[in-house]
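Using my numbering, you'd call the opening residue of the sequence shown number 604 and step up by one each time.
Here a beta-carbon is modelled for each residue, glycine too, at the ideal position from N, C-alpha and C.
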Amino acid sequence: MLILYGSQTGTTESFAKIVHSFATARGLSPRLVAADDFDHADLVHEDVIVFLTSTFYNGEFPSNFTRTWDYLQTTTAKFTTTKFAVFGLGNSATKSNFNNAGKQLDAQLEALGGERLVPLGLGDEQADSGHETSFRPWVQSLWVKLLGGHGKMTLPVQYGISYPTKDVESAPRTIPGFDAFRVVSNTLLTPVGYERPSYLLTLALPPRVTYELGDHIQVAHVNSDDLVLRLARRMHLDLSTTVHLSALANSTGLPTDPVKLQVLLRDHLDLSSPPSRSFLEGLSALCTDKKEATELEHLAEDMTAGNAYSQYVGTNPASRIPFTLVDVLELYPSIQVGLEHILGNVPILPPRYYSVCSSPLMLPRHVQIVYMVAKWQSSKSPLKTFTGAAAGYMSHLKTDALVTAQISRGYFKVPESLETPILGVALGTGISFFRALLQHRAYHQDHNAIVSKIRLYFGIRHASKDFLFQNELDTYVNRGLLELAPACSHDGASFVTPVTLIRDFPTSVAEYLDNQGVYFYCGIGGTIPEFHEAAIEAALQASHKSTLGSEMETVDEMKASGRWQIEAFSSCLDHENALQYQQKVQTKKEDTPISDVVGDCAMFCFQCGQTNQGIGCTKIGVCGKTPTVAALQDLLVDHLKHLSWYAHHIRVVDPDTTSLTEVDRFSLVALFSTLTNVNFDATRFVTFIQQTKAFTDTLSQEYATVCKAHGVAPRAVPWKRTDANVVDIEELVASGKKVGVLSRLRAGRNDALVGLQEMLVYGLKGLAAYTDHSFQFGNEKPEIYHFIHEAFAFLWSPEAGKVDKVVDMLMKCGQVNLTALALLHESNNTYGAQSPGIATSVPRPGKCILVSGHDLKMLHDVLEACASYKTDHGVHINVYTHGELLPAHGYPALRASPHLIGHFGAAWQRQSLEFAHFPGSILMTTNCLTQPKTEYKDRLFTAGAVGWQDIPHLEDGQYAPLLAKAVAGVGFTDADLKFNYPANPFVNTVEKYHVGWGSETVIGAAATVLQAVTDGHISRFYVIGGCDGYEGERSYYTDLAKALPDTSVVLTVGCGKFRINHLDMGTIGDTGIPRLLDLGQCNDSYSAVQIALALAQALQCGVNDLPLSIVLSWFEQKAVVVLLTLLSLGIRNIRVGPTVPAFLRPSIFKVLHEKFNLMAIGADVHQDIANMVGGDKTPTA
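This is the structure we're talking about:
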């Protein structure tokens, strides 16, 4: 086994050594090599290679992996006999760059023909237990793959130890490439006694050593004497002993010349860092006390939320305790550990990086660094204090002391021109780089150069305590070199940070960046750089009166051109937590942003009922949607926004244009295809995207022509990115992730506004679906198309950044949807207005077809095709409906067909359980498809906007393959007395359904109904349009219907009927009219509206004064636009649930409650019924 690693700071190297140690302990013969130290030509001859690599903040490979990566990208060698495994170490706060190196490496090795042993492992510094959260499962799966099991490891002996009789004087540790720097001064910069002391360390450069502006210095620190003494006492070691180490196998890093034990432990071993879980597992094997062994094993293995290890090493100072190797050995005295167990298994003490805070022009033979000594106590162990190891070491350095260090090239690329404007953010000791930069510019100003200002936001705690270099900075201000904006977070009642100042004074940001300015950030890492990025985007948006999307593109362009540079270092935990809290306050969010909750995820979709969990799907959709399809859908919607902007503005200039008919109809089906459970075929989305781009290019030219013809100056487009005609699906997916809702949530840091905008997008999707159903009949209304383009164009406008304007557009969406619902009602009535009838749910002998979805026109065409087939071939085919096509049996012209025989199954969500038991072909129409199973995939077809990869799609009513598959199937036989799909344990099975109670039927019986109200047979009407889910995880809507008084009448619409329509609620008096009336599909909410308006007119009152309550589910996009329609009609007191969907934050729900008295359903249906009967108090305006 060959283990290759790429490591910049030593972290990845330490994990590589863990793999090496584990492999050795398990009897393997591993070799451990830094990747670029291995002969690349020999890679192809290796049987097993394990790669570990970190990723730089900008997505790059470590410096000791770059040549290896270049080789793998250019080689023509085939790795067909090589097995590989890759583990990446990254930080999810870096967004799209998260583990970029590991991901690229894993994909390239596969492309070269290698065999992947285990899936790519992705370590995350932000995870509860850091990289080990992913590392332990990954490495254990590796042992299982290689050895058949991972077993319990022990700590391998990696060094032989002998004890020379001759004493030696040990020299300090030497490191290749490092030199001895002499301490010139070590000055305290903060007041004496301040709990966060900061120092300025000045070092004399060794001969021939130079440095450049922006460089780093690596300081090789040592362990404290106290820690070394504690370890020696615990292990019964004599520190004056001389030891001679001999490396076993490939162990490296420790001195092999005789050395004093005190020097070995002090200078070489990392004793201050928390031991890894893997090391703890090894220590557990050395326990003589079984209880202690069990505790240590659990500490190492437990990965559950809030586990003890994550608390010990995590970000909460209240629960974190000192947790070094020495602490563990003291806590568990039965660990029988010897020096041989420590050496080679405890990581080598790594150097610490610091930014140089001086300019070589000002101090050519000296280098300066500023550092802060972090000290904090845990409430659990107040007598023990944390002190930063490296800073603690440096704080004790005296003049003329020697420090082992090395100058390293920095990451920042300073503009060549001194006239380039610079916008900077420095947090705490992040001032280092900016001080050096200002010294550099001051030197050039002294030599008569023209130098532009730097605008610097300096984040500190107290102006009187840690305003580092205040006098020097004031000098630069007076010289015109600096525009300083200090943000003192702890000096006032409000928590002021650079984010605050950037958002509050946006003009200054634009003044610097609009003139080809460069942005530098130097400060703590984690999520903090993102907060500042979002603040700058918001500032640019405010200053330019543009859109957030366009300013996100501005920042992307700055990153691509090198004008956006980040240098982030390990964060101070309490400061980062405080900044995160303040970010929530500044954006007026009541809880953690969704983007922080989900972190780095494969996808993000919250379009359906899964959002009742609070977030949605982040790995793969419960419907079967893959991350690829999710990204392509997001990209298609984004492209439709571009197309719509042109289409809308063409109509603004030329309202009478007739050139957009093809664009209108294409937009409809393309948008409908992104609806939940419609289209899962990635290749069809690629085609849609290409077609959208082509239409957009054409419209761009047409817009210019129309404006010229009408003498109007064309508007500038509100976006900047001009994507080429990309056809590679991976590039399209990457682009889709950049424009998806999660990216907008991360960029805006304003879940409330983005969620409200997303609600508009969902409403448009629902509107497109209903309009497409009508278009199947050839019916359409131009104003619907016009509004879809208008609404998407609105999302590009600055007005979309105002909550009240988005709410206004939502109401307009509801109004336009009323037009669409009326049109669909008219279209469906092609088959006659619904009339009461019975739909049976039992099998009939014969060949059969199952049709699921919503489209009555497609169902009708299938029935006609069956009739023609019988005429031509003499074979009768029975057609069954499924899911939301149950109401089809209420239309006279459809139920008159001898081929429409009954209804199969229940709600569409159960198709994966039911379809395998249907012995014929199956057709999916509209938004009711879930991931097909192999048991029925071979007889499944799609039509219209529906699609799934490798499932035959029937275009333009060509149903011959569907009929052929039905005839080839076994069909139902005389022996089939009932359907044999699994019964729903939460809903009783029925053999018939009452259908056909549409608005015409109910309104036609108005006199009877009103008399029943007068006679007391009806006390209240309830419209229940909710969906309880398909397997009982929630039951509110069923429980509600069961608990209603026996003088209630329930009108149900949508798929929620399958939770209610098995209930026997009797009839209204002796009228024969059922108390449970199925109005039809979700679009038949239109019937509910018409009934309510008719009742209000008959009772001479307003709709809101009727004895009527409406309870809806509002997750899926059709449900969203139905709700918007009801609200736009002024209907109040609507209850929605089962929870507030994740795309609406509490603040927005509060707005909707105040405006419409919109309410969430309660936990107790009886209390909700009492409130509804009581009239639901409506807030006064």
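Worksheet item: Do L830 and the ligand MG come close, with the Cβ less than 7 Å from some heavy atom?
Response: Ligands displayed in this structure: none; no statement on the ligand MG is therefore possible.
Discussion item. For E1086, list the residues DSSP reports as bridge partners.
Written reply: R1058
Discussion item. Taking 7 Å as the limit between beta carbons, can you name the residues of its chain near A1773, skipping five residues before and five after?
Written reply: none
Worksheet entry | Residue nearest to H847 in terms of C-alpha spacing, selected from V825, R833, E1429, P767 | P767
Item to complete: State whether the segment 1048–1060 contacts the segment 1017–1037, with contact taken as three or more CB pairs (one from each stretch) at a distance under 8 Å.
Response: yes
Worksheet item: Of the residues L631, P1490, P1446, Y1562, which one's Cα is nearest the Cα of D1577?
Response: P1446
Practice prompt. Mind checking which residues open and close the alpha helix (DSSP H) that includes K1660?
Written response: Taken as a continuous stretch (DSSP letters only), K1660 belongs to no alpha helix (DSSP H), as it is neither H nor E.
Fill in: Neighbourhood of L1698 by C-beta distance below 7 Å, restricted to the same chain and skipping five residues each side
L1709
Worksheet item: Which value, in whole angstroms, describes the spacing of the CA atoms of A1510 and T1592?
Response: 12 Å
Fill in: Inter-residue spacing [alpha-carbon to alpha-carbon] between P953 and A823
7 Å
Fill in: Secondary structure of S937, DSSP reduced to three states
coil
Worksheet item: Roughly how many angstroms separate the alpha carbons of E1393 and V1099, rounded to a whole number?
Response: 40 Å
Worksheet entry | Whole-angstrom C-beta distance between A619 and L655, which should lie under 8 Å | 5 Å
Worksheet item: For S1731, which option in S1716, H1597, L1761, K1001 has the closest C-alpha, if you only look at C-alpha atoms?
Response: L1761
Worksheet item: From G1456, S881, A1312, E898, pick the residue whose C-alpha is nearest to that of H734; which is it?
Response: S881
Discussion item. Please report the distance separating the alpha-carbon of L758 from that of H1556.
Written reply: 59 Å
Practice prompt. Alpha carbon to alpha carbon, how far is M604 from L631? Give it in angstroms, no decimals.
Written response: 7 Å
Practice prompt. Using 10 angstroms around the beta-carbon of Y1596, count the other beta-carbons present and answer buried if the total reaches 16, otherwise exposed.
Written response: buried
Practice prompt. Would you kindly work out how many angstroms separate the C-alpha atoms of V1776 and R1623, rounded to a whole number?
Written response: 8 Å
Worksheet item: So V970 and L808 are in contact, right, with Cβ under 8 Å, and what is the actual spacing, rounded?
Response: 6 Å
Practice prompt. Please confirm whether G1547 and T1529 have their CB atoms less than 8 Å apart.
Written response: yes
Worksheet item: Using the C-alpha atoms, what's the distance from T1374 back to E728?
Response: 48 Å
Worksheet item: If you scan the segment 1541–1609 from start to end, which runs of the beta strand (DSSP E) of 3 or more residues do you find wholly inside it?
Response: 1543–1546, 1595–1598
Fill in: Where L851 falls, given that 16 or more other Cβ within 10 Å makes a residue buried
exposed
Worksheet item: Which residue from G856, D870, V931 puts its Cα closest to that of L883?
Response: V931
Fill in: Under the three-state DSSP convention, the category Q1614 falls into
helix
Practice prompt. Report yes or no: do the segment 1303–1317 and the segment 1343–1362 share at least 3 C-beta pairs separated by less than 8 Å?
Written response: no
Worksheet item: In its own chain, which residues sit with a C-beta less than 7 Å from the C-beta of G1339, not counting the 5 before and 5 after it?
Response: A1234, L1235, D1237, L1238
Discussion item. Please state whether the Cβ-Cβ distance between G1572 and G1523 is less than 8 Å.
Written reply: yes
Worksheet entry | Cβ pair G1740, A1763 closer than 8 Å | yes
Discussion item. Check for me: the beta strand (DSSP E) holding L1682 runs from which residue to which?
Written reply: 1679–1683
Worksheet entry | Classification of G1669 by the beta-carbon crowding that lies within 10 angstroms, buried from 16 upward | exposed
Worksheet item: Is the segment 1052–1070 close to the segment 1025–1037, with three or more CB pairs under 8 Å?
Response: yes
Worksheet item: Less than 8 Å separating the beta-carbons of T671 and H643?
Response: yes
Fill in: For R1166 and Q1119, the rounded distance between their alpha carbons
8 Å
Item to complete: Excluding the 5 residues preceding and the 5 following H1043 in the sequence, name in chain order all residues of the same chain whose CB lies nearer than 7 Å to its CB.
Response: L816, S962, L964
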